[in-house]
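Below is one structure; the comments refer to it alone.
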Amino acid sequence: MKKSKLFIFAIALLAVLMISCHKGRNKLVNSWKITAVEPKLPISDSMKNVILTQGTLTFTEDGHVTGFLT
Numbered sequence: 084m085k086k087s088k089l090f091i092f093a094i095a096l097l098a099v100l101m102i103s104c105h106k107g108r109n110k111l112v113n114s115w116k117i118t119a120v121e122p123k124l125p126i127s128d129s130m131k132n133v134i135l136t137q138g139t140l141t142f143t144e145d146g147h148v149t150g151f152l153t
């Protein structure tokens, strides 16, 4: 009896997690302006300025991200 209740609880929890994690994915789909640059390697201030003024990121529905300078 205990194992069947635990199994039902685990299935319900898995269903809730799958539904809640899938909902917010499409909220990012759009083009976004870059507002901050945190490089792993040192870059010049002029390069940071170019990225901030001309950089955009585009998120697609299939989960891909494209970044480019306009």
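Its first residue numbered 84, the sequence shown is counted upward by one per residue in this note's numbering. The beta-carbon is built from N, C-alpha and C at its ideal position, and this holds for glycine as well. Only a predicted model underlies this, so the values are computations on that prediction, with no experimental measurement involved.
Beta strand (DSSP E) containing Ser114: first to last residue?
Per DSSP, Ser114 is one residue of the beta strand (DSSP E) stretching across Asn113 to Lys116.
Less than 8 Å between the CB atoms is what I'm expecting for Val133 and Leu140, so what's the real figure, rounded?
Val133 to Leu140, Cβ: 15 Å. No contact.
When you compare only the Cα positions, how much space is there between Ile102 and Ser127?
Ser127 has its alpha-carbon roughly 44 Å from the corresponding atom of Ile102.
What are the partner residues of Val148, as DSSP defines its beta bridges?
Phe142, per the DSSP bridge assignment.
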